[in-house]
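Below: one structure, written as C-alpha cells.
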Amino acid sequence: MSAVGTPSTPGTPAPTGQGGRAGRAALTTACAGLLVGLDTGLIAEALGFIGRDFHATARMQEWIVSVLMVGALLGSLGAGVFSRRFGRRMALGAATLLIGVGALLCATAAMIGQILLGRFLIGVAIGICTFTAPLYISELTTGRMRGTMVTTFSMLQSAGILLGYLAGGILSGGGHWRLMVGLPFVPAVLLFAGCAFLPSSPSWLAARGRFEEARAVLRTLRGDEAAADHELAGIQAELGTSKPVGGFMLLRTRPYFRRSVALGVGLQIMQQLTGINVVMYYAPKILENAHFGTSAAAWATVMVGVVNAVVGVGAIFMVSRWGRRPLLVTSCVIMACALAAAAVIEGLHLQGMGAVVSLMVALLVFVAGFGMGAGPLVWTLCSEIQPIEGRDFGVGCSTLANWGMDWAVSNTFLSIVAVAGAGWTFAGFSVMNVVFMLFTLLVVPETRDVPLDVIEAHLEAGRPLRRIGR
Ligand code: BGC
8 MSAVGTPSTP GTPAPTGQGG RAGRAALTTA CAGLLVGLDT GLIAEALGFI
58 GRDFHATARM QEWIVSVLMV GALLGSLGAG VFSRRFGRRM ALGAATLLIG
108 VGALLCATAA MIGQILLGRF LIGVAIGICT FTAPLYISEL TTGRMRGTMV
158 TTFSMLQSAG ILLGYLAGGI LSGGGHWRLM VGLPFVPAVL LFAGCAFLPS
208 SPSWLAARGR FEEARAVLRT LRGDEAAADH ELAGIQAELG TSKPVGGFML
258 LRTRPYFRRS VALGVGLQIM QQLTGINVVM YYAPKILENA HFGTSAAAWA
308 TVMVGVVNAV VGVGAIFMVS RWGRRPLLVT SCVIMACALA AAAVIEGLHL
358 QGMGAVVSLM VALLVFVAGF GMGAGPLVWT LCSEIQPIEG RDFGVGCSTL
408 ANWGMDWAVS NTFLSIVAVA GAGWTFAGFS VMNVVFMLFT LLVVPETRDV
458 PLDVIEAHLE AGRPLRRIGR
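Numbered per my numbering, the sequence shown finishes at 477, counting up by one with no gaps.
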C-alpha cells in the first residue's frame, strides 16, 4: 500500500495539494457549514414571532424547532445513497437548492404547515450537507490541509450560528421574522452557483471506474502530475480488484469495517453527550433561570456564539500543529471541569452577582473547550477513518448518529432538568465528558498527516483502532 500524500516520504513524489485549486474547492465546500449554522441559530428569535402570528401552541413550537432534526436524520440517511450514485458535488448542489426552497417557503408562509414543510426541507438539506461536506473535503485535500479544511467547515458552522443569533437579534427589533427565516436563501443561492465550479471527487470517480477522469482532476488539484499519478495509484490500491459491494454487505463480511463504523458512531454520540446543544439551544433559558434579565440573557447568548466562533478559528491552526488526540483530550478535560463548576453553582443554588457571572464564565469556558476540539475533530476523524469502499455508508452512519443524539439530548433536556434539577443534569454531562476523554485515550487514532490509504491499510491489517493512524 503506498503512502499517498505523505509529504516527505523519500523516493515518493510529494503531493502539494497545499493552496491553489484544492484549497479553493475545499473552502467553497466548507461554506456549507455556514448554511447549517445559520439555520440552527436563526430559529431561536423567529420562533416567538411565528408563535404569535400563527397562534401556535407550545407543542407546535417544539415541532417547528425539531422538525428540522427529523429532516436532518432522513437527509443523512439518504445522503449516502445519493452521494454514492450522483457524486458529492451533486449532493451539495441539491442540498443548497433545498435550503433555498425551504427558506422561501418559510418566509412566505401563509399557514403553519408551510413553515413545517420549509423547515423539514431545510433539515433534509442540512443532513446532506453534514454528511457530504467533511467527506468531500477530505477527498479533495491531502496532508495538513485535510484537517485544516474540515475544521474550517466546523468553524463556519459555529460562525453561522453566531450570524443567526445576531441577525435574529437585529431583525427582531421590527418583528421581521419573515426576513429572518428567509435569510439563508441568499447564501444558499451563492453556494449553489459555487458548486458549478467544484471538481468531482477523485475518489468517487475512481470508485466508479472512471480512472482517467480521476487522474485529470487530481492533476489540476495537486498541480503536480507525478504526485497526482502516485495518489491515484494509492486510491486504486485501496479499491482493490474485487467488485464493489453495498454497505450492509460490507458490515456483514468485513470485521474491520464494523470497527470503523462503530468508532465513527461512537465519536458522534460522545460529541452530542458533551451537552453542547443544550447550551446552543437553551442558553437563554438556562441564564434566565439563573436570574439573568431577558435582554442580558440574549446578549449572553450572543457571547456564547462569539466564543464558539472565535475558538473555532483558533482550532483551524491548532488542529494541524497539535494533532487530533491531544486536542481532543484537552477539550474533554476543559468541558468536564467547566460543567462541574456549573453543576456546583446550580446544585447549591448559589445566588448573587458573583454566582451569575461564574455560571456565565463556566458556560463560555465549556463552549470554548468544545470549539477547540470535540466540535471540529469529531467531524474530521469521521471523514478520515472509513475505508474507501464503505466510506459513504460509514460516514452516513456517523452523521445519522450525530443528528439522532442531537434530537434525543435536546428533546429531553428540559424534562431531565424538571426531574433531577439543573445541578445534577450538568453533573451528568460533566461525567459524560470524562467518559469521552477515556474513550479518546483508549480508541481514538492519531490521524494527523496520515494519508487516507495508510489509515485504511492499518485498519484492514487488524491493528487496534487506536493505532490505525500513526
Ligand atoms: C455539532 C453540532 C453543534 C455545533 C455547534 C457541531 O460540531 O455537531 O451539533 O450544534 O457543533 O457549533
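All C-beta atoms in this analysis are idealised placements derived from N, C-alpha and C, irrespective of residue type, glycine included. None of the values given here were measured: they were computed from a predicted structure.
- Item | Ile-50 versus Ala-425 - alpha carbon distance | 24 Å
- Item | First through last residue of the alpha helix (DSSP H) which encompasses Gln-393 | Element bounds for Gln-393: n/a, residue is neither H nor E.
- Can you grab the Cα-Cα spacing for the pair Gln-243 / Arg-217, in whole Å? 11 Å
- Query: If we ignore side chains and look at the alpha-carbon of each, how far apart do Val-336 and Ser-210 end up?
  - Reply: 31 Å
- Query: Quick one: Cα of Ser-437 to Cα of Ala-345, how far?
  - Reply: 8 Å
- Integer Cβ distance of Ala-195 from Leu-42, believed to fall under 8 Å: 6 Å
- Taking 9 Å as the cut-off, decide whether the C-beta atoms of Gly-382 and Leu-163 are in contact. no
- Task: Examine ligand 1 and report whether any of its heavy atoms sits within less than 8 Å of the Cβ of Met-156.
- Result: no
- Message: So, does the region 265 to 285 touch the region 414 to 430, judging by three or more C-beta pairs under 8 Å?
- Response: yes
- Message: Between the alpha carbons of Ser-9 and Arg-473, how many angstroms are there, rounded?
- Response: Confidence is the limiting factor: at Ser-9 the pLDDT is only 34, short of 50, which leaves the residue's position unreliable, though a coordinate-based value still follows. Ser-9 and Arg-473: Cα-Cα distance of roughly 21 Å.
- Query: The alpha helix (DSSP H) with Leu-80 in it runs from where to where?
  - Reply: 65 to 93
- Could you tell me if Glu-52 is buried or exposed, where buried requires 16 or more neighbouring beta carbons within 10 angstroms of its beta carbon? buried
- CA-to-CA distance, Leu-190 to Ala-408, given in whole angstroms: 28 Å
- Task: Identify whether Ser-207 lies in helix, strand or coil by the three-state DSSP scheme.
- Result: coil
- Is the closest heavy atom of ligand 1 to the C-beta of Pro-383 under 8 Å? yes
- Any non-hydrogen atom of ligand 1 closer than 8 Å to Phe-420 Cβ: no
- Task: Flag this pair as touching only if the region 74 to 83 and the region 213 to 231 have three or more C-beta atom pairs under 8 Å; answer yes or no.
- Result: no
- Query: Can the beta-carbon of Ile-71 be found closer than 9 Å to that of Leu-105?
  - Reply: no
- With DSSP as the reference, label Cys-38 as helix, strand or coil. coil
- What distance in whole Å lies between the Cβ atoms of Gln-275 and Met-439, which are believed to be in contact at a cut-off of 8 Å? Not really, about 13 Å apart at Cβ, beyond 8 Å.
- Cys-202 to Met-325, Cα distance in whole Å? 29 Å
- Item | For Gly-201, the first and last residue of its enclosing alpha helix (DSSP H) | 192 to 202
- Query: CA-CA distance, Gly-397 and Glu-391?
  - Reply: 12 Å
- Query: Where does His-298 sit, in a helix, a strand or coil, going by DSSP?
  - Reply: coil
- Query: What do you reckon, is the C-beta of Met-439 under 8 Å from a heavy atom of ligand 1?
  - Reply: no
- Message: Here's the rule: buried if 16 or more other CB atoms are within 10 angstroms of the residue's CB, otherwise exposed. What is Gly-18?
- Response: For Gly-18, the pLDDT reaches just 36, beneath the cut-off of 50, and the residue's location in the model is therefore unreliable, although a value from the coordinates is still provided. Exposed, since its Cβ has fewer than 16 Cβ neighbours within 10 Å.
- Query: Is it a yes or a no for the region 108 to 118 touching the region 128 to 146, going by three-plus beta-carbon pairs under 8 Å?
  - Reply: yes
- If you follow the alpha helix (DSSP H) that Gly-125 is part of, which residue opens it and which one closes it? 119 to 147
- For Phe-204, count neighbouring C-beta atoms within 10 Å of its own C-beta (all shown protein chains included) and say buried if the count is 16 or more, exposed if not. exposed
- Runs of alpha helix (DSSP H) lying entirely within the region 254 to 328, each at least 4 residues, in chain order: 254 to 260, 262 to 280 and 283 to 296
- Query: Near Ala-63, which residues of its chain fall below 8 Å by C-beta distance, leaving aside the five closest residues on each side in sequence?
  - Reply: Ile-57, Ile-71 and Ile-119
- Message: So Leu-147 and Ala-39 are supposed to be a Cβ contact under 8 Å. How far apart are they, rounded?
- Response: The pair is not a contact, with the Cβ atoms about 13 Å apart (cut-off 8 Å).
- Query: Under a three-way DSSP split, which group does Asp-46 fall into?
  - Reply: helix
- Task: Report the residue from Ser-338, Val-313 and Gly-321 whose alpha carbon sits nearest the alpha carbon of Gly-44.
- Result: Val-313
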